[in-house]
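**Student:**
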Amino acid sequence: MFGFDEDDVSIFPRTVEFIEKNSIDRPLFFILTPVPKTRLYQRLLLEGRIIETDWSHADGTRVMFRPKLMTADELQEGYRWVTDQ
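My numbering numbers the first residue of the sequence shown as 6 and each following residue consecutively.
Pasting the structure below:
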């Protein structure tokens, strides 16, 4: 899962390296999704980091909030890059 506050763009190549090193056959990847009425959602809302409120898009593959150490576009593109590896 990508998008935690401590994640920066280096998380993507590090994840691929870990997967290859450990011979993981079928990894699954998701983007962190702040679900309404959760503490995560409330915190991100208070911090002004929620950028998408159409919850029909909340499928774990789309960025719904502004990450802390990268842009939303970097998170989305990094997710796509990892899933294409």
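For glycine and all other residues, C-beta sits at the position ideal for the given N, C-alpha and C.
#1: On the criterion of 16 or more Cβ atoms from any shown chain inside 10 Å, does Asp12 qualify as buried, or is it exposed?
#2: In whole angstroms, what is the alpha-carbon distance linking Tyr46 and Asp10?
#3: Compute the distance between the beta-carbons of Val68 and Ala77, then report whether it is under 8 Å.
#4: Note down the Cα distance separating Glu79 from Arg19, rounded to an integer number of angstroms.
#5: Compare the Cα-Cα distances from Gln90 to each of Leu50, Leu49, Phe17 and report the closest residue.
#6: Buried or exposed for Leu33, please, with buried defined as at least 16 other CB atoms from any protein chain shown within 10 angstroms of its CB.
#7: Mapping DSSP to helix, strand and coil, what is Ile24?
#8: Over what stretch of residues does the alpha helix (DSSP H) that includes Glu79 continue unbroken?
**Tutor:** The short version:
#1: buried
#2: 13 Å
#3: yes
#4: 15 Å
#5: Phe17
#6: exposed
#7: helix
#8: 77-89
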